[in-house]
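Have a look at the structure below before the remarks.
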Amino acid sequence: MLITRSVHITKGKIVCDDKTVFEALEPLPFTEFIKSAFKSLDTAYPKFYKMDKLSKLAFVASEILLKDKEIPQKYKPETIGLIFQNANSTIETDIEHQLTIADRKNYFPGPAIFVYTLPNIMLGEICIRNKFQGENALFIFDKFKPEQLFAHVSLLFQKNKIDVCIAGWADIVGENYESFMMLIEPESMLANSKDFTTFDPSNINILFSKK
Amino acid sequence: MNEVFVSGENAITSLGFTVSDHLDKIKNNITGVKLYNDGLLFPEPFYASLVDSKLLNQHFSRIGDPGKYTRFEQLMILSAHSALSGSDIDATSPTTVFIISSTKGNVDLLENAKQNQFDADRVHLWKAAAEIAGFFGNKNTPLVISNACISGVLAINYGYDLLSSGACENAVVIGGDVASEFIVSGFQSFKSLSFGPCKPFDLNRDGLNLGEGAGTLVLTTNPGAVSSGKRIKVLGGAGSNDANHISGPSRTGDGLCFAVNKAMKQAGVQPAQIDFISAHGTATSFNDEMESKAFSSAGLSDVPLNSLKGYFGHTMGGAGTIESVISIQGMKQSLLFNTLGFHEYGVPEKITIVDKLTRKEQKCILKTASGFGGCNAAVIFAT
Numbered sequence: 001m002l003i004t005r006s007v008h009i010t011k012g013k014i015v016c017d018d019k020t021v022f023e024a025l026e027p028l029p030f031t032e033f034i035k036s037a038f039k040s041l042d043t044a045y046p047k048f049y050k051m052d053k054l055s056k057l058a059f060v061a062s063e064i065l066l067k068d069k070e071i072p073q074k075y076k077p078e079t080i081g082l083i084f085q086n087a088n089s090t091i092e093t094d095i096e097h098q099l100t101i102a103d104r105k106n107y108f109p110g111p112a113i114f115v116y117t118l119p120n121i122m123l124g125e126i127c128i129r130n131k132f133q134g135e136n137a138l139f140i141f142d143k144f145k146p147e148q149l150f151a152h153v154s155l156l157f158q159k160n161k162i163d164v165c166i167a168g169w170a171d172i173v174g175e176n177y178e179s180f181m182m183l184i185e186p187e188s189m190l191a192n193s194k195d196f197t198t199f200d201p202s203n204i205n206i207l208f209s210k211k
Numbered sequence: 001m002n003e004v005f006v007s008g009e010n011a012i013t014s015l016g017f018t019v020s021d022h023l024d025k026i027k028n029n030i031t032g033v034k035l036y037n038d039g040l041l042f043p044e045p046f047y048a049s050l051v052d053s054k055l056l057n058q059h060f061s062r063i064g065d066p067g068k069y070t071r072f073e074q075l076m077i078l079s080a081h082s083a084l085s086g087s088d089i090d091a092t093s094p095t096t097v098f099i100i101s102s103t104k105g106n107v108d109l110l111e112n113a114k115q116n117q118f119d120a121d122r123v124h125l126w127k128a129a130a131e132i133a134g135f136f137g138n139k140n141t142p143l144v145i146s147n148a149c150i151s152g153v154l155a156i157n158y159g160y161d162l163l164s165s166g167a168c169e170n171a172v173v174i175g176g177d178v179a180s181e182f183i184v185s186g187f188q189s190f191k192s193l194s195f196g197p198c199k200p201f202d203l204n205r206d207g208l209n210l211g212e213g214a215g216t217l218v219l220t221t222n223p224g225a226v227s228s229g230k231r232i233k234v235l236g237g238a239g240s241n242d243a244n245h246i247s248g249p250s251r252t253g254d255g256l257c258f259a260v261n262k263a264m265k266q267a268g269v270q271p272a273q274i275d276f277i278s279a280h281g282t283a284t285s286f287n288d289e290m291e292s293k294a295f296s297s298a299g300l301s302d303v304p305l306n307s308l309k310g311y312f313g314h315t316m317g318g319a320g321t322i323e324s325v326i327s328i329q330g331m332k333q334s335l336l337f338n339t340l341g342f343h344e345y346g347v348p349e350k351i352t353i354v355d356k357l358t359r360k361e362q363k364c365i366l367k368t369a370s371g372f373g374g375c376n377a378a379v380i381f382a383t
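Keeping their order, the protein sequence lines are chains A and B. Residues 1 to 211, numbered by my numbering, are exactly what the first sequence covers, in order. Residues 1 to 383, numbered by my numbering, are exactly what the second sequence covers, in order.
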């Protein structure tokens with residue numbers, strides 16, 4: 001298996017493979033940063049604006065990861081897997097929902113916020129956008145665990161549950177946000193396989209440390 | 001590839017704290033769903049299946065200090081403790097992993113009144129999971145899956161994959177959730193709660209009942225650790241996404257059908273070999289409609305199918321494990337349990353709904369789940 005692209009978003013900067021593809025000119029709050037990053041992609045997708053912070057973060061990373069890779073053309077929808085990790089689940093949106101029910105005299109829980117209190121919704125958003133219908137899993141650890149991610153994704157390939165995988169990390173608490181995403185494809189599907197990095201824990205760590 | 005056996009099980013819901021508590025009531029069509037109008041979890045009256053807090057405290061006091069663990073952790077620990085006591089597995093062994101599934105874990109700690117009861121990081125699932133696995137002296141990092149209402153089935157699938165590939169020998173798979181105001185208010189805002197006890201697959205179904213609880217399956221590759229009686233194996237499973245809508249199921253059932261077909265392929269079985277389906281059957285209009293389409297497309301129209309939601313509601317992150325545990329008892333006792341709440345056929349495609357307690361030998365059964373985010377999962381058990 002090869003990592004055919006990786007994307008890293010943190011601290012106002014987006015790195016794709018070795019290149020900085022977007023950088024805020026001045027320090028911006030997350031919501032402003034991710035909006036300008038999304039605008040820079042020049043993509044018409046109004047659903048983006050309805051997403052919560054975590055889904056926006058993962059969505060922008062996935063758009064850059066998948067651009068021109070023609071994944072839906074190369075692979076069947078039910079063989080395209082998404083395996084993510086995260087530490088803080090949807091804490092930002094949980095607090096937002098909690099505020100709507102904190103006061104019985106001012107009680108206004110709503111579905112538009114509540115639905116985003118599930119961390120796998122970000123996987124669903126990426127699936128809807130790209131018509132991916134394979135395995136989904138969202139794991140929660142205190143920090144990014146490259147070994148577990150590698151072991152799980154490898155197992156899914158071994159068992160022929162997936163033919164291609166989008167795997168990584170997306171997490172946000174306050175202004176601390178980070179997403180790291182990899183596109184993992186089998187050599188047999190690539191004409192220029194020498195150009196890519198082998199999918200293994202040490203390479204994941206090397207890519208993850210490039211920010 | 002190693003064979004994977006179920007060597008211990010437990011379920012805790014409003015019906016009780018042991019598997020036999022559940023069977024006694026399910027066989028007699030007794031539900032734990034009732035009307036709550038005390039205003040504690042929601043300003044307006046609603047039907048739900050809740051675990052009695054006093055009883056939970058009493059049961060937990062026998063094995064640990066209830067002051068040290070949240071309500072969610074107590075349910076998970078009690079369930080795992082009961083499942084492990086019926087099994088020969090060493091929970092402290094480095095070759096045993098804990099797989100924990102939940103949608104929201106300790107999210108109720110965000111409530112003002114509860115904020116100072118535990119450390120702030122306890123609200124995170126990785127921390128709650130560490131407390132749960134730590135109770136049993138297990139030193140491996142617990143593997144936490146939080147994938148909406150398919151979490152429990154995914155956790156079983158993951159346990160199977162780890163064990164069958166030889167990555168470890170035993171897995172304690174615990175799924176559960178508590179019905180906090182956070183969750184009740186959210187489902188109510190979706191208008192997905194029923195005005196009475198839920199009616200899965202029924203013409204007049206009008207929504208789901210929330211439930212809470214925990215279910216545990218202890219999985220092992222060691223056939224010696226399985227007690228006598230009918231030996232149950234996990235044959236494999238799979239998952240999928242509808243890629244249709246984040247809060248509504250597919251209108252065609254294609255996602256669930258993919259998961260079912262892939263699970264049968266993983267397990268190496270044909271549709272004709274499936275003797276029973278434990279469906280998700282939440283009793284919302286769209287979910288049950290979608291399931292009928294998916295099972296019919298998968299060639300499973302004539303296989304007896306039930307939903308257990310009428311007994312203990314929708315236990316969210318616990319549904320996959322709790323309902324698997326009950327369905328495994330059905331296999332062991334050659335019984336198909338009634339779909340409580342179902343009276344009049346109300347889904348568009350043909351499925352065969354179990355409408356009374358029925359005797360039937362089952363060699364191979366299918367358990368499915370679907371959830372927000374468009375996710376689906378399926379797992380197959382066999383004798």
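For glycine and all other residues, C-beta sits at the position ideal for the given N, C-alpha and C. The structure displayed is predicted, hence computed values, not measured ones.
So, for alanine 129 of chain B: in the same chain, excluding its five sequence neighbours on each side, which residues have a beta-carbon less than 6 Å away from its beta-carbon? Ile100, Pro142, Val144
Considering only C-alpha positions, which residue in the set B:Ser151, B:Glu323, B:Ser285 is nearest to alanine 309 of chain B? For clarity, residue 309 of chain B is lysine in the given sequence; the question names alanine instead. The candidate whose alpha carbon is nearest that of lysine 309 of chain B is B:Glu323.
When the cut-off is 9 Å and only beta carbons count, does histidine 343 of chain B lie next to chain A? no
Which residues in chain A have a C-beta closer than 9 Å to the C-beta of glutamate 3 of chain B? List them in chain order. Correct list: empty, because the minimum Cβ distance to chain A is about 15 Å.
In the DSSP assignment, find the unbroken beta strand (DSSP E) run with aspartate 119 of chain B in it and report its ends. Note, aspartate 119 of chain B: premise wrong, no beta strand (DSSP E); not H, not E.
Contact list for phenylalanine 38 of chain A against chain B, beta-carbon separation under 8 Å: Those do not exist, as phenylalanine 38 of chain A stays about 18 Å from chain B at its closest Cβ, beyond 8 Å.
With a threshold of 9 Å between beta carbons, is valine 172 of chain B in contact with chain A? no
Determine the extent of the alpha helix (DSSP H) in which alanine 91 of chain B is found, giving its start and end residues. No alpha helix (DSSP H) holds alanine 91 of chain B; DSSP gives it neither H nor E.
Just to make sure I have the definition right: I need the residues of chain A whose C-beta is within less than 7 Å of the C-beta of leucine 208 of chain B. Which are they? Neighbours of leucine 208 of chain B on chain A: none; closest Cβ ~14 Å, over 7 Å.
For a test of the three-state rule: what should DSSP assign to valine 164 of chain A, helix, strand or coil? strand
Please work out which residues of its chain come closer than 7 Å, Cβ to Cβ, to cysteine 364 of chain B, disregarding the five sequence neighbours upstream and downstream, and give them in chain order. Val269, Gln273, Ile274, Asp275, Ile380, Ala382
Tell me, which residues are paired with lysine 143 of chain A by DSSP? Bridge partners of lysine 143 of chain A: none, in fact.
Leucine 357 of chain B: which of B:Lys27, B:Lys265, B:Gly39, B:Gly281 sits nearest, CA to CA? B:Lys27
Classify asparagine 116 of chain B as buried or exposed, calling it buried when 16 or more other Cβ atoms lie within 10 Å of its own Cβ. exposed
Along the beta strand (DSSP E) that carries asparagine 241 of chain B, what are the first and last residues, could you check? 233 to 241
Report the three-state DSSP secondary structure of arginine 129 of chain A (helix, strand or coil). helix
Valine 107 of chain B versus chain A: which residues are under 7 Å apart at the beta carbon? Asp94
Listing by chain order, which chain A residues have their CB less than 8 Å from the CB of asparagine 244 of chain B? Ile128
Rounded separation between phenylalanine 157 of chain A and lysine 230 of chain B - CA only: 32 Å
Rounded C-alpha distance that separates serine 296 of chain B from asparagine 287 of chain B: 14 Å
Closer than 7 Å, Cβ to Cβ, to anything on chain A: give me those residues from the segment 33 to 67 of chain B, in chain order. Pro43
Indicate the three-state DSSP secondary structure (helix, strand or coil) for lysine 47 of chain A in the structure shown. helix
Backbone secondary structure at lysine 54 of chain B - three-state DSSP: helix
Please work out which residues of its chain come closer than 6 Å, Cβ to Cβ, to glycine 207 of chain B, disregarding the five sequence neighbours upstream and downstream, and give them in chain order. Ser192, Leu193, Ser194, Thr284
Chain-ordered neighbours of threonine 117 of chain A on chain B, where CB pairs are closer than 9 Å: Thr103, Lys104, Val107, Phe182, Ile183, Gly186
Going by C-alpha to C-alpha distance, which of B:Ser87, B:Ile63, B:His124, B:Ala120 sits closest to threonine 103 of chain B? B:His124
At a CB-CB cut-off below 8 Å, which residues of chain A make contact with alanine 238 of chain B? Glu135, Lys161
Which of helix, strand or coil DSSP assigns to asparagine 140 of chain B: coil
Please report the residue range of the alpha helix (DSSP H) in which lysine 262 of chain B lies. 254 to 267
Write down the C-beta distance between isoleucine 232 of chain B and valine 6 of chain B rounded to the nearest angstrom, noting that I regard them as a contact closer than 8 Å. 4 Å
Residues of chain A with a CB under 8 Å from the CB of lysine 262 of chain B: which are they? Glu78, Lys161
Just to check, is the beta-carbon of isoleucine 121 of chain A closer than 8 Å to a non-hydrogen atom of the ligand GTP? As far as ligands go, the structure on display features none, and thus does not contain the ligand GTP.
Exposed or buried, glutamate 135 of chain A, counting other C-beta atoms within 10 Å across all chains shown (16 or more means buried)? buried
Within 10 Å of its beta-carbon, does lysine 25 of chain B have 16 or more other beta-carbons around it, so buried, or fewer, so exposed? buried
From the beta carbon of leucine 183 of chain A, is the nearest beta carbon of chain B less than 9 Å away? no
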